[in-house]
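Asks: Under the numbering used here, the first residue of the sequence shown is numbered 4, with each subsequent residue one higher.
Beta carbons are placed, not taken as given, at the ideal position from N, Cα and C, and that holds for glycine.
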Amino acid sequence: MSQFAEIQYGDKSYKLPVIVGTENEAAIDISKLRDESGLITLDIGYKNTGATKSAITFIDGDEGILSYRGYSIEQLAENSTFMEVSYLLINGELPTAAQLESFNYSISRRTLVHENIKKFLDAYPGGTHPMGVLMCTVASLSSFYPNSLNPNRSSEEVDRTIHRLIAKMGTIAAWTYKKSTGHPYMYPNNKLDYVSNFLQMMFGHRTEEYVPDPVVVDALNKLLILHADHEQNCSTSTVRIVGSSHANIYASVSAGIGALWGPLHGGANQAVIEMLEQIKADGGDAMKYINKAKDKNDPFRLMGFGHRVYKNFDPRAKIIKVACDQVLNKLGINDPILDIAKQLETVALSDPYFIERKLYPNVDFYSGIIYRAIGIPTDMFTVMFALGRLPGWIAQWKEMREGNEPIGRPRQVYIGHPAREYVPITKR
Ligand code: SDX
4 MSQFAEIQYG
14 DKSYKLPVIV
24 GTENEAAIDI
34 SKLRDESGLI
44 TLDIGYKNTG
54 ATKSAITFID
64 GDEGILSYRG
74 YSIEQLAENS
84 TFMEVSYLLI
94 NGELPTAAQL
104 ESFNYSISRR
114 TLVHENIKKF
124 LDAYPGGTHP
134 MGVLMCTVAS
144 LSSFYPNSLN
154 PNRSSEEVDR
164 TIHRLIAKMG
174 TIAAWTYKKS
184 TGHPYMYPNN
194 KLDYVSNFLQ
204 MMFGHRTEEY
214 VPDPVVVDAL
224 NKLLILHADH
234 EQNCSTSTVR
244 IVGSSHANIY
254 ASVSAGIGAL
264 WGPLHGGANQ
274 AVIEMLEQIK
284 ADGGDAMKYI
294 NKAKDKNDPF
304 RLMGFGHRVY
314 KNFDPRAKII
324 KVACDQVLNK
334 LGINDPILDI
344 AKQLETVALS
354 DPYFIERKLY
364 PNVDFYSGII
374 YRAIGIPTDM
384 FTVMFALGRL
394 PGWIAQWKEM
404 REGNEPIGRP
414 RQVYIGHPAR
424 EYVPITKR
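#1: If you check the beta carbons only, do H233 and T239 fall under 8 Å apart?
#2: With distances taken from CA atoms, which of R167, N119, E28 and R112 is nearest G64?
#3: To which residues does DSSP link E9 through a beta bridge?
#4: Does at least one heavy atom of the ligand SDX sit under 7 Å from the Cβ of A271?
#5: Given a threshold of 16 other Cβ atoms within 10 Å of its Cβ, counted over all protein chains shown, does A284 qualify as buried or as exposed?
#6: Rounded to the nearest angstrom, what separates K35 and E9 at their Cα positions?
#7: Quick check on I22: buried or exposed, where buried means 16 or more other Cβ atoms within 10 Å of its Cβ?
#8: Rounding to the nearest angstrom, what Cα-Cα distance links I50 and S248 in this structure?
#9: Who are the near neighbours of G391 in its chain, counting only those whose CB is closer than 6 Å to its CB and skipping five residues on each side?
#10: For D328, count the other beta carbons within 10 Å of its own beta carbon; 16 or more makes it buried, fewer makes it exposed. Which is it?
#11: Can you check whether the CB of L124 is closer than 8 Å to the CB of W178?
#12: Apart from the five residues on each side of it in sequence, which residues of its chain come closer than 6 Å, Cβ to Cβ, to A170?
#13: Evaluate T140 with the Cβ neighbour count: other Cβ atoms within 10 Å of its Cβ, from every protein chain shown; 16 or more gives buried, anything less gives exposed.
#14: Any chance the CB of I290 is under 7 Å from a heavy atom of the ligand SDX?
#15: Can you tell me whether L362 sits near the ligand SDX, meaning its C-beta is under 7 Å from at least one heavy atom of the ligand?
#16: Quick one: is P217 buried, meaning 16 or more other Cβ sit within 10 Å of its Cβ, or exposed?
#17: For the segment 288-373, which segments carrying the alpha helix (DSSP H) assignment without a break, of at least 4 residues, lie completely within its bounds, in sequence order?
#18: A326 and I373: beta carbons closer than 8 Å?
#19: What span of residues does the beta strand (DSSP E) with G69 cover, start to end?
#20: Out of Q399, G246, Y17 and R163, which one is the CA nearest neighbour of K56?
#21: Do you know how far the Cα of T164 is from the Cα of A389?
#22: Quick one: complete alpha helix (DSSP H) runs, 4+ long, within the segment 135-201?
#23: Taking the DSSP output, what are the residues bridged to F61?
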């Protein structure tokens, strides 16, 4: 197959190299297009544009395939832990027992946050969305660790900063929740693994010992693994472009949290539950809402459905759907909105509107039902997504920095006024 693409423009033709990836994805390298032809490309929303070459995550949207560093999401969700997957994403290989122990130890020693963080949390008005708190508090870590801001420091210092961020994100997330309930903060218990420690900070109380339910620990490990990375999605692209200016990792991840907050992205998991609750309150008529989603005059969208890349089942949604039944059964919970979700899925997947547009359930469609079953409130769902996506953001930021990628600066096509003279206000 030709390793070049040819563009005819005017009376000239331009040969552009074609790059082929490990899984035979092909891309036209347009790096020299503007210099040679004066042309740029336009692709609003970057639906067809590659921003980088990456070795971290592979997605085949047509086949519904997702893998981290070559390992399938199915195998990792079944056999691994969130900390092991975090190590894999960030370092490129599955850790040995000794490497994982050292990784866990380094993170467990950094779970405490500066006591002044409580003053940040106290300053927010009641009802503040936890994603706003998380975004600002993560950025504020740059104030407490001014010596870790230069991303060009030694790999040991960058690793320490990475471990610090992973460790403290869990504490900040849990304290944000505790603040919203008015309950006292729970300090980290470093004898516990990462997920159990997070759960005890979320649901523990000083009056009694908190013993994490193994069913909940397993479910949360699986959910965090499934959210850990997803190549160049909106929030990861944000982390990379902010980091490309050599901004520190706290600022880059804080920007990613902001991008994830949107209901078209990570905020969809909260929007799905709110949608299912609305349908339940309105009598549970799935068909009514399927028709609303198809009605171009109705702004309603079937949240948790559709994906920019997957034109087949999101493999994560398939795993979470099975886990939903398992977790609710083991916890003895019967949640009527799960039945509504399954009804919506069944109806949508047989409806030509959804079939023609290849709209399937995505990672957000069922995840909220599990979060709810383990006691996490709806407005914390996207915080959980951020906690899971953190190692992916870090791995992508690290890959971009180690690749010495240039500052991201897309071009545009100007469609505003042509040059015109200034008119004094007295003459307008
Ligand atoms: C995540 O990129 C990632 O990898 C993201 C993510 C990750 O792990 O990082 O996977 C996480 O963000 C998952 C997506 C969560 N968002 C939602 O569930 C919100 C609902 N979904 C949609 O808004 C939409 O499907 C997107 C945003 C996910 C994708 O949008 P696209 O690719 O820009 O597609 P589009 O909006 O152009 O839709 C194409 C057609 C349109 O109809 P037509 O104009 O062709 O007639 O499909 C329709 C849309 O109206 N459509 C929907 C729909 N999603 C798309 N119609 C009804 N309900 C929906 N959910």
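Replies: Reading off the structure:
#1: Yes; because the gap between Cβ atoms is below 8 Å, this pair is in contact.
#2: Measuring C-alpha to C-alpha distances from G64 to each of R167, N119, E28 and R112 identifies E28 as the nearest.
#3: Note: E9 sits in a beta bridge opposite K18.
#4: Yes.
#5: Burial call: exposed.
#6: Approximately 13 Å, taken between the alpha carbons.
#7: With fewer than 16 Cβ atoms within 10 Å of its Cβ, I22 is classed as exposed.
#8: According to the sequence provided, residue 50 is Lys. The question's Ile does not apply to it. Going by the C-alpha atoms only, they are around 23 Å apart.
#9: The answer, listed in chain order, is L227, H230 and A231.
#10: Counting the other CB atoms within 10 Å of its CB gives D328 a total below 16, which places it among the exposed residues.
#11: Their beta carbons are under 8 Å apart, which means W178 touches L124 by this criterion.
#12: Annotation for A170: I110, R113 and T114 place their beta carbon closer than 6 Å to its own, counting only its chain and skipping 5 residues before and after.
#13: The residue in question, T140, is buried, as its Cβ has 16 or more Cβ neighbours within 10 Å.
#14: Rather than Ile, the amino acid found at residue 290 in this sequence is Met. Flag unset: Cβ of M290 not near the ligand SDX.
#15: Yes, the ligand SDX has a heavy atom inside 7 Å of this Cβ.
#16: So P217 ends up on the exposed side.
#17: For the segment 288-373, whole alpha helix (DSSP H) runs of length 4 or above, ordered along the chain, are 289-297, 318-333, 339-351 and 355-359.
#18: It is a contact, given that the beta carbons lie within the stated cut-off.
#19: Checking the sequence shown, residue 69 turns out to be Leu, not Gly. I68 to Y71 is the span of the beta strand (DSSP E), which, as asked, contains L69.
#20: Cα-wise, what sits closest to K56 is Q399.
#21: Inter-residue distance for A389 and T164 is about 18 Å (C-alpha atoms, whole angstroms).
#22: Those alpha helix (DSSP H) runs which fall completely within the segment 135-201 and span 4+ residues are 158-184.
#23: Partner(s): S70.
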